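Peer 1: To start, I am sharing the structure in question, which I have written as structure tokens.
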Amino acid sequence: MCLAIPCKVVAVDGESAQINHGGNVMSIDISMVPDVQVGQYVIMHAGMAIQKYDEKEALETLELLNEILSQEE
Numbered sequence: 000m001c002l003a004i005p006c007k008v009v010a011v012d013g014e015s016a017q018i019n020h021g022g023n024v025m026s027i028d029i030s031m032v033p034d035v036q037v038g039q040y041v042i043m044h045a046g047m048a049i050q051k052y053d054e055k056e057a058l059e060t061l062e063l064l065n066e067i068l069s070q071e072e
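Counting in numbering that gives the first Met the number 0, the sequence shown runs from 0 upward without gaps.
In structure tokens form, the structure reads like this:
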């Protein structure tokens, strides 16, 4: 099963962006998503942004994922 994870964009440089994913900052390709801005959320899969994501929905999704992961511990 594959998951697309919401991540917050912390820097943009051309067709790549630095995103914060659970406290880890990593570089992803944003060439498929036009006009990505710092502070926005994107859905990331396999190192690529695949769409922009509403902040409220992103935070709700991240909260649900954290609940699921905490139950597995």
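Cβ atoms here follow ideal geometry from the backbone N, Cα and C, with glycine treated the same way. Computed from a predicted structure; not experimentally measured.
Is the CB-CB distance between V41 and C6 below 8 Å?
Peer 2: For this step, residue 41 is matched to residue 42 along the sequence shown. For this step, residue 6 is matched to residue 7 along the sequence shown. Contact flag set, yes.
Peer 1: Tell me which residues share the same chain as A20 and place their Cβ nearer than 6 Å to its Cβ, disregarding the 5 neighbours each side in the sequence.
Peer 2: The residue given as residue 20 occupies position 21 in the sequence shown. Per the sequence shown, residue 20 should be read as His rather than Ala. C6.
Peer 1: Thinking C-beta only, is G46 closer than 8 Å to D34?
Peer 2: For the purposes of this step, residue 34 is taken as residue 35 along the sequence shown, with counting starting at 1. For the purposes of this step, residue 46 is taken as residue 47 along the sequence shown, with counting starting at 1. The answer is no: Cβ separation not under 8 Å.
Peer 1: Where does I67 fall in DSSP's three states?
Peer 2: Here residue 67 refers to the residue found at position 68 when the sequence shown is read from its first residue. Note: I67 maps to helix in three-state DSSP.
Peer 1: Q39: buried (16+ other C-beta within 10 angstroms of its C-beta) or exposed?
Peer 2: Walking along the sequence shown from the start, residue 39 turns up at place 40. When all chains shown are included, Q39 counts as buried.
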